[in-house]
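Here's the structure, in structure tokens; my notes come after.
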Amino acid sequence: MMSSIVSWWFFWVISAVCILKVEFNIVEGGAYEETKVHIVYLGEKEHNDPELVTSSHLRMLESLLGSKKDASESIVHSYRNGFSGFAAHLTDSQAEQISEHPDVVQVTPNTFYELQTTRTFDYLGLSHSTPKGLLHEAKMGEDIIIGVLDSGVWPESQSFNDKGLGPIPKRWKGMCVDGEDFDSKKHCNKKLIGARYYMDSLFRRNKTDSGIPDTEYMSARESLPHGTHVASTAGGSFVSNVSDNGFGVGTIRGGAPRARIAVYKVCWQRVDRTCASADIIKAMDDAIADGVDLITISIGRPNPVLTEVDVYNQISYGAFHAVAKGIPVLSAGGNFGPGAYTVQNIAPWIITVAATTLDRWYPTPLTLGNNVTLMARTPYKGNEIQGDLMFVYSPDEMTSAAKGKVVLTFTTGSEESQAGYVTKLFQVEAKSVIIAAKRNDVIKVSEGLPIIMVDYEHGSTIWKYLSITRMPTIKISSAIALNGRLVATKVADFSGRGPNSISPYVLKPDVAAPGVAIVAASTPESMGTEEGFAIQSGTSMSTPVVAGLVALLRAVHPDWSPAALKSALITTASTTDPYGEPIFSEGMTRKLADPFDFGGGLVNPNKAADPGLVYDISAEDYRLFLCASHYDEKQITKISKTHTPYRCPSPKPSMLDLNLPSITIPFLKEDVTLTRTVTNVGPVDSVYKLIVEPPLGVKISVTPNTLLFNSNVKILSYKVTVSTTHKSNSIYYFGSLTWTDGSHKVTIPLSVRTQMLMYFDQ
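Mature numbering (1 follows the signal peptide of the UniProt record, and there is no 0) puts the sequence shown at residues -16 to -1, 1 to 746.
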């Protein structure tokens, strides 16, 4: 049995149609009309008193439904902190009627989303044994509050012990909510300071037919082994002598081990593992009011990617409000790589995270009868296996001749299609199966019954040996541990890739962090996690890694905006691994990673704490970008926190002028000039010189080429003129623009594509 559950989970929407909460109202003519949850968005709050806001919501429903009782039974959530709005059971005709109310900005149906270490932070240079650096300057994130929207928490995990922590910060206004097998007085402490759960939109009014099985907990306690893993990765406490069945042995901790954690359970163990948008946006609204310092959400949706202002993109809406209030929001880049245009969560105000491997690997030695040893990517734990080697084309060919032998086979199918081999393996009593398949970066521990995965290269080597040898044999040894520069860092095969399919002028993902074979807390009810810790992989894992780093940065720079924090991460990220070796991108073919694979690069926390310059962006700047993107003013008003109609300036600004720490030009034909503005957060009297590495066939001209800062000049702008020497359409080429004062290097990636023909899809 496999001793580790590996998370492929990246939450995605599987349906834009709300099919839950089914009730029927009698409408004109005696017909019945189905009710379902709708989200009524009202924009900016009219009162600072949350109770008054909720009262106004109930009055609006009462005027629609005819009675206080019906209004009270209809309402699901009242959004009253970051913005004003509510979720309620309404028929489509009622939703249409209330949408005509002068105070209503928009009405949308409830939609659904799905779910998406012992060495990680040492690898990133944040060793707790080093008496200096960001980890210690930030006091390990002490008193920073991390809001985690996910599938709940296993509160007994040692990752949430509060040893050595002081009182809960007085600014915390959140709560722990009692529920099934969750006692707030027992299970919350000075580490796990908040635990809420959201399920109202999954029920009818009579609390039936939610689709939630009996194995799920009706509380913040989780059944899925996902939210616990995410929370402990971001801010888990120190726990010594941890491993996943002997792999990854060491002391485990989160990125900010002294930070406080507030859990918001919005995802449930259901047949379709959906997370309702009405609940997600309510959790974000509560998190803002509770006083979290950042929000991390390993939630998203597959293609088609929603626009930033799409009525179904509630994560984008909620994130906009949080960022406007100074709260950074991080989300996963998705697990749908390695193809182009697969990156998720593309709004420019979100920090979107890609996943890389670590400098750690547990290969299984396969020694052929000719003494050639190959390293399989599956960690096998068990006694040495020796046996004759044979080849089969398919499970159906695995006859009794395979009894007692090691079987080699090739497949192009998914893991599910490989189940046939496993079934046959039992039936014919073979010793093991070696499956040659497309390379991927997910690590699964094979224990007991050895199912060994190799890539096509190794599979072909074994096949060649087998085909020319009269009595081929093989020895399978228990996995060994490799650490350090011998193990290349790669952008994981599954990690979502750019370019941005919705806003091609916005580079996505933003940065990358380890997301493969991350050891963190899990639920003991999960198979193979008897010790309470497990290996999981996915951008769901890399996102809380960066969340932990943002918590440390917030502790050191509490006055920095979300955009400044994001800029610091991007401009100091590295395009090489910690040993100076290049980072590759795993896929159908391996190549050097580029900005569409990892954004600015692999995060470098200690450098991010002292970036020298930052590219800052306000909420109004984001609105101007939406204007430049040709979104309707009504759509911009809907996502904006202002209740009054938003008006775009004339002429509209350029999409190229959003002050991002990157420059992406998808359709370059004639010369273009754009502006960037930097804020000095380093030494007062600084002089920065320019270094440009232009993309192939592209000319870059920058004015001025020197930036002089002093006590009176802290913010400066520069203009970049970009021209192409290509005479025909080209692919994207990449370069960089760096400002340096000798000690700081402030680097932004350049991505340029020449487009000589008209782009008909605009």
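Using N, Cα and C, we set each Cβ at its ideal position, and we do this for glycine too.
Contact between the segment 646 to 653 and the segment 471 to 489: three or more CB pairs below 8 angstroms?
As far as the Cβ criterion goes, the segment 646 to 653 touches the segment 471 to 489, which means the pair count is three or higher.
Just to confirm the assignment: which complete beta strand (DSSP E) runs, minimum length 3, are found wholly within the segment 455 to 540?
Correct list: 457 to 460, 495 to 498, 502 to 505 and 517 to 520.
I'd like to confirm the pairing. Which residues does DSSP put opposite residue 435 in its beta bridges?
Answer by DSSP bridge pairing, in chain order: 417.
Contact between the segment 233 to 251 and the segment 544 to 552: three or more CB pairs below 8 angstroms?
Because the criterion of three Cβ pairs below 8 angstroms is not met, the segment 233 to 251 and the segment 544 to 552 do not touch.
Look up residue 738 in the DSSP assignment and give the residues it is bridged to.
The partner list for residue 738 (beta bridge, DSSP) reads 652.
Got a sec? Which residues, its chain only, sit under 8 angstroms from residue 368 by beta carbon, not counting five neighbours each side?
Excluding residues within five positions, the ones whose Cβ falls inside 8 angstroms are 459, 460, 461 and 462.
If you compare alpha carbons, which of 422, 56, 240 and 49 is closest to residue 222?
The option with the nearest alpha carbon to residue 222 is 240.
DSSP has residue 163 in a bridge; who is on the other side?
166, per the DSSP bridge assignment.
Indicate whether residue 566 and residue 576 have their beta-carbon atoms separated by less than 7 angstroms.
Yes. Within cutoff.
What did DSSP end up calling residue 556 once you bin it into helix, strand or coil?
Note: residue 556 maps to helix in three-state DSSP.
Once the 5 residues before and after residue 670 are set aside, which same chain residues still bring their CB inside 7 angstroms of it?
Same-chain partners within the cutoff: 664, 693 and 725.
Rounding to the nearest angstrom, what Cα-Cα distance links residue 148 and residue 677 in this structure?
Computed Cα separation, rounded: 48 angstroms.
Per DSSP, what are the beta-bridge partners of residue 145 in this structure?
Paired residues: none, contrary to the question.
Note the first and the last residue of the continuous alpha helix (DSSP H) segment covering residue 105.
Per DSSP, residue 105 belongs to the alpha helix (DSSP H) from 104 to 107.
At the level of alpha carbons, what is the spacing between residue 609 and residue 311?
In a straight line, the C-alpha of residue 609 is about 20 angstroms away from that of residue 311.
Looking at the secondary structure, which residues open and close the alpha helix (DSSP H) in which residue 268 lies?
261 to 274 is the span of the alpha helix (DSSP H), which, as asked, contains residue 268.
Using only alpha-carbon positions, find the residue among 259, 534, 442 and 580 that is nearest to residue 208.
Closest option to residue 208, Cα to Cα, is 259.
Please classify residue 441 as buried or exposed, where buried requires at least 16 other C-beta atoms within 10 Å of its C-beta.
With fewer than 16 Cβ atoms within 10 Å of its Cβ, residue 441 is classed as exposed.
Taking just the CA atoms, how far does residue 131 sit from residue 517?
When rounded, the distance between both Cα atoms is 21 angstroms.
Measure the C-alpha to C-alpha separation of residue 269 and residue 18 and round it to an integer number of angstroms.
So the alpha carbons of these two residues sit roughly 28 angstroms apart.
Report yes if the C-beta of residue 288 is less than 6 angstroms from at least one heavy atom of the ligand MN; otherwise report no.
Absence of the ligand MN is noted for the structure shown, with no ligands found whatsoever.
Determine the contact status of residue 242 and residue 164, defining contact as a CB-CB distance below 7 angstroms.
No, the pair does not count as a contact, with Cβ atoms beyond the cut-off.
Can you name, in chain order, every residue of its own chain whose Cβ lies under 7 angstroms from the Cβ of residue 698, other than the five neighbours on each side?
The answer, listed in chain order, is 663 and 664.
So, helix, strand or coil for residue 323, using DSSP?
DSSP places residue 323 in coil when its eight states are reduced to three.
Alpha carbon to alpha carbon, what distance is there between residue 320 and residue 326?
Taking the straight line from one Cα to the other gives about 6 angstroms.
Looking at the structure shown, is residue 155 part of a helix, part of a strand, or coil, going by DSSP?
It is coil, neither helix nor strand.
Within 10 angstroms of the Cβ of residue 189, are there 16 or more other Cβ atoms? Answer buried if so, exposed if not.
Residue confidence for residue 189 is low, a pLDDT of 43 falling below 50, so the modelled location carries little weight; the figure read from the coordinates is stated next. That one is exposed.
Specify, as a first and last residue, the run of the beta strand (DSSP E) that residue 571 falls within.
Here residue 571 belongs to no beta strand (DSSP E), and DSSP marks it neither H nor E.
Where do the N-terminal and C-terminal ends of the alpha helix (DSSP H) with residue 307 fall, by residue?
From DSSP, the alpha helix (DSSP H) with residue 307 extends over 298 to 308.
Apart from the five residues on each side of it in sequence, which residues of its chain come closer than 8 angstroms, Cβ to Cβ, to residue 466?
Taken in chain order, the residues that qualify are 344, 345, 346 and 347.
Measuring alpha carbon to alpha carbon, tell me which of 57, 52 and 93 ends up nearest residue 21.
For the residues 57, 52 and 93, the minimum Cα distance to residue 21 belongs to 93.
Is it buried or exposed for residue -7, if we count other Cβ within 10 angstroms and need 16 for buried?
Below a pLDDT of 50, predicted positions are generally treated as unreliable, and residue -7, at 34, falls in that range; the measurement from the model is reported next regardless. Looking at its Cβ environment, which holds 16 or more other Cβ atoms inside 10 Å, residue -7 is buried.
The alpha helix (DSSP H) spanning residue 62 covers which residue range?
Residue 62 -> not in any alpha helix (DSSP H); beta strand (DSSP E) instead, spanning 59 to 63.
Which stretch, first to last residue, makes up the alpha helix (DSSP H) that contains residue 77?
Residues 76 to 83.
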